[in-house]
Amino acid sequence: MHFVGLSRWPRSSRPRRIRLAVALLVVSFVTTSGLALAPRAEAAPWSRGKARVGKRRLTRDLKALFRQVPKTELHMHLGGSTPIKILRDFHVENGTPRRKVRKQTRIAPVFRSLNDFLKTYYRVAIDQSPSQMERAAEALVKEVAKENVRYVEIRSSITGKKGTEPKEIAAAIERGMKKGAAWVKKKKGWDMGMSFIVLGQRHKSPAESLQAAKLAVELAKQPGSLVGGFDLAGSESDHNVDKHRAALEYIRDHGQKNGVKLTIHAGEVENSEHLSGLQSMWHALAYKPDRIGHITQAYKDPKLMKALRDQGVHGELNPWSNVQLKSVRDYEHYPLRQFLAAGLSLSLSTDNRTISSIDLTKQLGQLYQHRQIMSWQEIKKLTLDGISAGFASQAERDRVTAEVQAEFARIESDPRHKRTISKYLTP
Ligand SMILES: [Zn+2]
2 MHFVGLSRWP RSSRPRRIRL AVALLVVSFV TTSGLALAPR AEAAPWSRGK
52 ARVGKRRLTR DLKALFRQVP KTELHMHLGG STPIKILRDF HVENGTPRRK
102 VRKQTRIAPV FRSLNDFLKT YYRVAIDQSP SQMERAAEAL VKEVAKENVR
152 YVEIRSSITG KKGTEPKEIA AAIERGMKKG AAWVKKKKGW DMGMSFIVLG
202 QRHKSPAESL QAAKLAVELA KQPGSLVGGF DLAGSESDHN VDKHRAALEY
252 IRDHGQKNGV KLTIHAGEVE NSEHLSGLQS MWHALAYKPD RIGHITQAYK
302 DPKLMKALRD QGVHGELNPW SNVQLKSVRD YEHYPLRQFL AAGLSLSLST
352 DNRTISSIDL TKQLGQLYQH RQIMSWQEIK KLTLDGISAG FASQAERDRV
402 TAEVQAEFAR IESDPRHKRT ISKYLTP
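Count the sequence shown with my numbering and you get residues 2 to 428, in order.
Laid out in C-alpha cells, this is it:
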C-alpha cells in the first residue's frame with residue numbers, strides 16, 4: 002500500500018501525530034487483513050499469489066479450532082508425505098553431498114504441470130531401503146498425530162524395488178507405523194487407528210499389479226497385520242483400469258473375506274486424449290470398489306453421483322492436491338458443495354503432504370476461506386465418514402468413532418471454541 006503525499010514530506014519534519022496515525026493505520030490494516038505478523042513457517046501456499054474477491058478471513062480462533070478438530074487421513078502416499086527432515090536424512094545416507102541436500106530437496110510452492118510435480122516427487126522422495134521406509138512410516142504417524150489425526154491410512158507400493166523382498170518392505174512399513182502409534186500413545190495418551198494399503202500401479206504390467214494384490218491378501222491373513230486395503234494408483238488417462246482386471250478381480254474375489262478392501266484412483270484428471278476423468282470413474286466403478294481416490298470430476302455427471310451414493314462408494318477427497326495439479330481451475334471451482342449436496346460419504350486427505358506443502362489443518366482453512374466448508378456439522382461429517390469408510394476392522398473403527406465423538410463434545414463445550422463455532426460455522 003502507498004500513502005500518497007507523505008513521501009514528499011521530509012521524514013524529520015513530519016509532525017509526531019501524523020507518524021502515529023500512519024503507524025496505527027498500518028497496524029490496523031495488517032490486523033484486519035490477516036496479513037503478515039505470523040512467522041514465516043506459518044505462511045500457507047494459498048496465501049501466495051493474488052487475493053480473490055470474497056475470500057473469507059481466517060481468524061486466529063478459527064485456526065486454533067481447525068488444529069484441534071479430530072481428523073482422519075485416508076489418502077496419503079508414504080513417499081510424498083514423509084516429513085522433509087527425514088527425507089533429507091535419507092539423501093545424506095544415500096550419498097548426496099551434505100552441501101547439495103537442501104537444493105536436492107527444495108519444493109516450489111506451485112507446480113506448472115503434473116510433470117513438474119512428478120519431477121519434484123522423484124527428486125525429493127528418493128528410493129528407500131526397508132529400514133528407511135520404517136523410519137518414514139514412524140515419522141509420518143507422529144507427524145499427523147500433531148494435528149489430531151485419530152485415524153490414519155498410509156499407502157505405498159511394496160513391489161518392484163530391486164534387491165528387496167516385497168514382504169520385507171511391507172513388514173518394515175508396518176513396524177514403523179506401530180512404533181509411531183506407540184509414541185502417540187505415550188505422548189498424547191490415545192490409540193491411533195491405522196491401516197496400511199498396498200499399491201498397485203497403473204503404468205506397471207498386469208502381472209505386477211496381480212502380484213501386489215495377491216501379496217496384500219497374503220499379508221492381511223497374518224495375525225496383527227495392518228494391511229487392510231489395495232489401491233490402484235497412477236495415470237488413469239494413459240492406463241485404463243481394465244488393464245489391471247486380474248488384480249482387481251482377485252481383490253473382489255479374495256479380499257473381502259480376508260480383510261482387504263478396494264480403493265482406486267479415479268476422476269482425478271479432467272481430460273486427456275485417451276480417457277476422460279468421467280469415463281475413468283465409470284470403468285473403476287464396475288469393479289465395485291469400497292472407495293475411490295479423488296472422484297473430482299464426478300460432479301459433471303448426475304448419474305455417476307447417484308451411482309456413487311447408491312453403491313455406498315466413499316470419496317477420498319484431496320482438494321489442495323487437485324487445485325495444485327489443476328484437476329480443477331481453482332478453489333472456487335472445487336466441487337465439495339456439490340458432493341455434500343448429493344449426500345455422498347466423504348473425507349478429506351492430503352495425498353502427498355510434503356511434496357504439496359500442505360496439511361489437513363491448512364486445508365480446512367483453505368476450504369473455509371473459499372466457502373467450501375460452511376458449517377461445523379460438515380466438518381464433523383467429514384471426519385466421521387472417514388472413520389466409517391476406513392479399512393481397519395469394524396471393532397477398531399467403532400473404538401475410534403467413540404473417542405472422536407467424545408473429542409468433538411469436549412471441543413463444543415470449550416468456551417473459546419464454542420464462540421468460534423457459533424460465530425463462524427453456524428449457518
Ligand atoms: Zn493419490
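Where is the CB? At the ideal position from N, CA and C, for every residue including glycine.
Remember, predicted model here, so these are calculated numbers, not experimental data.
Could you compute how far the alpha carbon of residue i sits from the alpha carbon of residue j?
i       : j       : result
Val-270 : Leu-326 : 9 Å
Gln-378 : Gly-96  : 49 Å
His-315 : Ala-140 : 27 Å
Lys-262 : Ile-252 : 7 Å
Phe-112 : Ser-350 : 19 Å
Ala-109 : Tyr-122 : 11 Å
Gly-230 : Leu-63  : 34 Å
Tyr-284 : Gly-344 : Residue identity differs from the one stated: residue 284 is His in this sequence, not Tyr. Roughly 22 Å between the two C-alpha positions.
Pro-98  : Arg-203 : 34 Å
Lys-304 : Leu-286 : 12 Å
His-76  : Val-142 : 13 Å
Gly-225 : Leu-383 : 28 Å
Phe-409 : Gln-223 : 35 Å
Glu-94  : Glu-209 : 29 Å
Lys-406 : Leu-309 : One detail in the question is off: residue 406 reads as Gln in this sequence, not Lys. In a straight line, the C-alpha of Gln-406 is about 26 Å away from that of Leu-309.
Leu-426 : Ala-248 : 44 Å
Arg-417 : Asp-90  : 40 Å
Phe-340 : Lys-187 : 38 Å
Asp-239 : Ile-87  : 33 Å
Val-242 : Ile-293 : 12 Å
Arg-107 : Lys-101 : 10 Å
Met-282 : Asp-415 : 42 Å
Arg-338 : Gly-313 : 18 Å
Arg-246 : Pro-167 : 21 Å
Ala-182 : Lys-104 : 32 Å
His-92  : Arg-124 : 10 Å
Using alpha carbons as the reference points, say which of the options lies closest to residue i.
i       : options                               : result
Lys-215 : Val-242, Ile-174, Glu-250 and Gly-235 : Glu-250
Lys-307 : Ala-217, Ser-328, Ser-346 and Ala-247 : Ser-346
Ser-322 : Arg-310, Lys-381, Lys-382 and Thr-297 : Thr-297
Leu-227 : Lys-104, Gly-391 and Pro-428          : Gly-391
His-255 : Ala-221, Gly-225, Ala-173 and Leu-233 : Ala-221
Val-324 : Asp-302, Asp-352 and Glu-175          : Asp-352
Asp-291 : Pro-303, Leu-279 and Gly-260          : Gly-260
Ala-171 : Gly-278, Ser-130, Glu-148 and Glu-209 : Ser-130
Arg-330 : Pro-71, Ile-85 and Ser-114            : Ser-114
Pro-207 : Lys-244, Val-185, Ala-183 and Lys-187 : Lys-244
Lys-147 : Pro-71, Lys-289 and Glu-413           : Pro-71
Gly-268 : Ala-247, Lys-289 and His-295          : His-295
Leu-279 : Ala-299, His-266 and Gln-257          : Ala-299
Pro-428 : Arg-372, Ile-388 and Leu-309          : Arg-372
Gly-164 : Ile-388, Asp-128 and Phe-340          : Asp-128
Ser-389 : Glu-317, Ser-358, Ser-328 and Arg-354 : Glu-317
Ala-173 : Gln-395, Lys-162 and Gln-133          : Gln-133
Leu-79  : Gln-395, His-92 and Arg-354           : Arg-354
Identify, in the order they occur along the chain, each residue of the same chain with its Cβ nearer than 7 Å to the Cβ of residue i, setting aside the five sequence neighbours on each side.
i       : result
Gln-212 : Thr-160
Gln-370 : Lys-56, Arg-57 and Leu-59
Val-145 : Glu-74 and Val-153
Val-218 : His-255, Gly-256, Asn-259 and Val-261
What do you reckon, are the CB atoms on residue i and residue j nearer than 8 Å?
i       : j       : result
Leu-276 : Glu-237 : yes
Gln-364 : Pro-320 : yes
Ile-356 : Ala-65  : no
Ser-348 : Asp-386 : yes
Leu-361 : Val-150 : yes
Ser-196 : Ala-393 : yes
Ile-359 : Gln-69  : no
Between residue i and chain D, is any beta-carbon pair separated by less than 8 Å?
i       : result
Thr-355 : Checking the listed chains, one finds no chain D in this structure; it contains a single protein chain.
Leaving out the 5 sequence neighbours to the left and right, which residues in its chain are closer than 6 Å to residue i when beta-carbon positions are compared?
i       : result
Asp-232 : Arg-156, Ile-198, Leu-200 and Thr-264
Gly-366 : Leu-59 and Phe-67
Gly-235 : Gln-202, Arg-203 and His-204
Ile-374 : Leu-368
Glu-397 : Gly-194
Tyr-288 : Leu-249
Asp-302 : Leu-279
Leu-119 : none
Who are the Cβ neighbours of residue i in its own chain at under 8 Å, not counting the five residues just before and after it?
i       : result
Ser-376 : Leu-426, Thr-427 and Pro-428
Glu-1   : Coverage of the chain is limited to positions 2 through 428, which leaves residue 1 absent and any answer about it impossible.
| request: Count the C-beta pairs between the region 396-415 and the region 181-197 that are closer than 8 Å, then say yes if the count reaches three, no if not. | output: Taking 8 Å as the limit for Cβ pairs, the verdict is that the region 181-197 does touch the region 396-415.
| field | Segment contact flag, the region 163-182 with the region 123-143, C-beta cutoff 8 Å, min 3 pairs | value | When C-beta atoms of the region 163-182 are compared with those of the region 123-143, three or more pairs fall below 8 Å, so the two segments count as touching.
| Touching by the beta-carbon criterion (3+ pairs, under 8 Å), the region 72-86 and the region 410-425 | Verdict: no, contact absent.
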